[in-house]
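S.K.: Residues 2 to 281 (my numbering) are what the sequence shown spells out, left to right.
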Amino acid sequence: MYKVVASDMDETFLDGQHQIPAPNLGALARMRELGVLFVPSSGRPYQSIMANFADIDQGLMQGTYVISYNGAFINRYGDPEPLMRTLIDRASLEWLYAWAVEHRQAVHVYTASGTTYTQFLPPEEEEYVQGIAGVVRVDDSIHDLSFAAGEELVKIIFMDTDFSKCKRIGEELEPKLDPALVDITYSSNRYVEFVPAGVNKGTGLKHLAELLGISIAETIGVGDAANDLEMIQAAGLGVGVANITDDVRPYCGLVLDTHGEDGAFPELVARVLEPEHAAA
Numbered sequence: 002m003y004k005v006v007a008s009d010m011d012e013t014f015l016d017g018q019h020q021i022p023a024p025n026l027g028a029l030a031r032m033r034e035l036g037v038l039f040v041p042s043s044g045r046p047y048q049s050i051m052a053n054f055a056d057i058d059q060g061l062m063q064g065t066y067v068i069s070y071n072g073a074f075i076n077r078y079g080d081p082e083p084l085m086r087t088l089i090d091r092a093s094l095e096w097l098y099a100w101a102v103e104h105r106q107a108v109h110v111y112t113a114s115g116t117t118y119t120q121f122l123p124p125e126e127e128e129y130v131q132g133i134a135g136v137v138r139v140d141d142s143i144h145d146l147s148f149a150a151g152e153e154l155v156k157i158i159f160m161d162t163d164f165s166k167c168k169r170i171g172e173e174l175e176p177k178l179d180p181a182l183v184d185i186t187y188s189s190n191r192y193v194e195f196v197p198a199g200v201n202k203g204t205g206l207k208h209l210a211e212l213l214g215i216s217i218a219e220t221i222g223v224g225d226a227a228n229d230l231e232m233i234q235a236a237g238l239g240v241g242v243a244n245i246t247d248d249v250r251p252y253c254g255l256v257l258d259t260h261g262e263d264g265a266f267p268e269l270v271a272r273v274l275e276p277e278h279a280a281a
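(1) Rounded to whole angstroms, what is the Cα-Cα separation between Ala-28 and Gly-237?
(2) Using the rule of at least 16 other Cβ atoms within 10 Å of the residue's Cβ for burial, across every protein chain shown, is Ala-271 buried or exposed?
(3) Could you please give me the residues that DSSP links to Asn-76 through a beta bridge?
(4) Enumerate, from N- to C-terminal direction, the unbroken beta strand (DSSP E) stretches of 3 or more residues contained entirely within the region 95–157.
(5) Measuring CA to CA, which of Val-110, Lys-207, Ala-181, Pro-46 is closest to Gly-199?
(6) Tell me where the beta strand (DSSP E) around Pro-41 begins and ends.
(7) Pick out the complete alpha helix (DSSP H) segments inside the region 10–61, 4 residues or longer, and give them in chain order.
(8) Quick check on Ser-188: does DSSP put it in helix, strand or coil?
(9) Quick check on the DSSP output: what are the complete alpha helix (DSSP H) runs of length 4 or more inside the region 225–249, in order along the chain?
(10) May I ask you to list the residues that DSSP assigns as paired with Ile-221?
(11) Report the CB separation of Glu-194 from Ile-170 in whole angstroms; it is logged as a contact under 8 Å.
(12) In whole angstroms, give me the CA-to-CA distance for Glu-82 and Ala-150.
(13) Does DSSP put Val-196 in a helix, in a strand, or in coil?
(14) Using 10 angstroms around the beta-carbon of Gly-60, count the other beta-carbons present and answer buried if the total reaches 16, otherwise exposed.
(15) Measuring straight from C-alpha to C-alpha, what distance separates Asn-201 and Ile-233?
(16) Which word fits His-109, buried or exposed, when buried means at least 16 other C-beta atoms lie within 10 angstroms of its C-beta?
(17) Skipping 5 residues on each side, what residues in its chain have a beta carbon closer than 7 Å to that of Asn-244?
(18) Leaving aside the five residues before and after Glu-153 along the sequence, list all residues of the same chain whose C-beta is less than 7 Å from its C-beta, in chain order.
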């Protein structure tokens with residue numbers, strides 16, 4: 002019997018305006034009735050994820066948890082103090098930031114406080130991040146991390162609308178980074194992400210299962226891109242929304258017919274959770 006549905010947020014649970022589609026609100030209510038915890042699992046900070054749920058009935062999320070920063074942090078829903086936290090090696094992030102400055106590469110720097118600093122963004126990315134809480138634009142004339150002085154750092158990502166360029170950047174920089182300190186993943190068809198070594202949404206889900214005292218087999222992981230892969234593989238059932246990327250699709254036990262932005266979770270409830278509980 003599945004007890005947890007852990008889901009990516011952007012392009013999976015949210016629409017293109019970072020809002021929860023109405024069908025997914027109904028699915029949250031039904032999961033609550035069935036006794037299934039819905040757990041947001043995102044590369045974004047906890048505070049940013051919480052902003053997505055600010056205007057809904059908070060009873061739908063009572064007693065659940067949030068996995069953030071690609072699995073680096075776990076919080077109880079509504080409690081800003083993390084139960085688990087992992088930071089990136091600061092020297093590695095500083096080197097990556099210097100590379101971004103040298104190449105005028107669009108960059109997001111994530112802090113443990115929940116602030117995400119952005120720089121060198123193209124207009125389409127500027128527009129995209131306007132709907133995300135906690136994003137602070139840094140003037141392009143600043144070429145050091147003085148804007149994050151005193152901040153603990155969690156990860157750094159580079160952005161390009163040409164996803165093949167993101168892949169090339171990852172391949173170019175991987176041999177220059179210590180694999181004991183930094184891992185590389187990809188998301189949203191425009192990001193290459195540099196995260197603490199050993200951190201991913203799969204390890205985050207495993208830690209949460211241990212915290213809840215349940216088997217990982219009792220979890221469902223839902224996503225759309227490469228940074229969801231480990232969660233999809235770790236979960237008892239790995240699920241992709243219809244817009245799942247081709248590199249992750251083969252690892253899914255189920256691919257839904259509904260795109261994430263259209264509200265895919267009623268389909269998940271109808272195809273997996275309802276039949277399971279009817280048979281119990």
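Even glycine gets a Cβ: it sits at the ideal position worked out from N, Cα and C.
M.R.: In brief:
(1) As a working mapping, residue 28 is identified with position 27 in the sequence shown. As a working mapping, residue 237 is identified with position 236 in the sequence shown. Cα to Cα, the separation comes out at about 20 Å.
(2) Residue 271 sits at position 270 when you count from the first residue of the sequence shown. By the neighbour-count rule (16 or more Cβ atoms within 10 Å), Ala-271 is not buried but exposed.
(3) Within the sequence shown, numbered from 1, the residue matching residue 76 stands at position 75. Partner(s): Val-67.
(4) 107–112, 117–120, 136–138
(5) Residue 199 sits at position 198 when you count from the first residue of the sequence shown. The shortest Cα separation from Gly-199 among Val-110, Lys-207, Ala-181, Pro-46 belongs to Ala-181.
(6) Along the sequence shown, read from residue 1 onward, the residue named residue 41 stands at position 40. That run of the beta strand (DSSP E) goes 38–41.
(7) 23–35, 47–53
(8) As a first step, residue 188 must be located in the sequence shown, where it is residue number 187. Strand.
(9) The region 225–249 contains these whole alpha helix (DSSP H) runs: 230–235.
(10) In the sequence shown, counting from the first residue as 1, residue 221 sits at position 220. Answer by DSSP bridge pairing, in chain order: Val-6, Leu-238.
(11) On the sequence shown, position 193 is the one that residue 194 refers to. On the sequence shown, position 169 is the one that residue 170 refers to. That belief does not hold up - the Cβ atoms of Glu-194 and Ile-170 are roughly 11 Å apart, past 8 Å.
(12) Sequence index remark: in the sequence shown, residue 82 carries index 81 (1-based). Sequence index remark: in the sequence shown, residue 150 carries index 149 (1-based). Looking at the two C-alpha atoms, the distance is approximately 21 Å.
(13) Along the sequence shown, one-based indexing puts residue 196 at 195. Strand at Val-196.
(14) Locating residue 60 in the sequence shown gives position 59, counting from the first residue. Gly-60 comes out exposed.
(15) As a first step, residue 201 is located in the sequence shown; it is residue number 200 there, counting from the start. As a first step, residue 233 is located in the sequence shown; it is residue number 232 there, counting from the start. It is roughly 11 Å from the alpha-carbon of Asn-201 to the alpha-carbon of Ile-233.
(16) On the sequence shown, residue 109 is found 108 positions in, with the first residue counted as 1. His-109 is buried by the Cβ-count criterion.
(17) The residue given as residue 244 occupies position 243 in the sequence shown. Cβ within range, chain order: Glu-12, Asp-225, His-260, Gly-261.
(18) In the sequence shown, counting from the first residue as 1, residue 153 sits at position 152. Leu-88, Thr-112, Ala-113.
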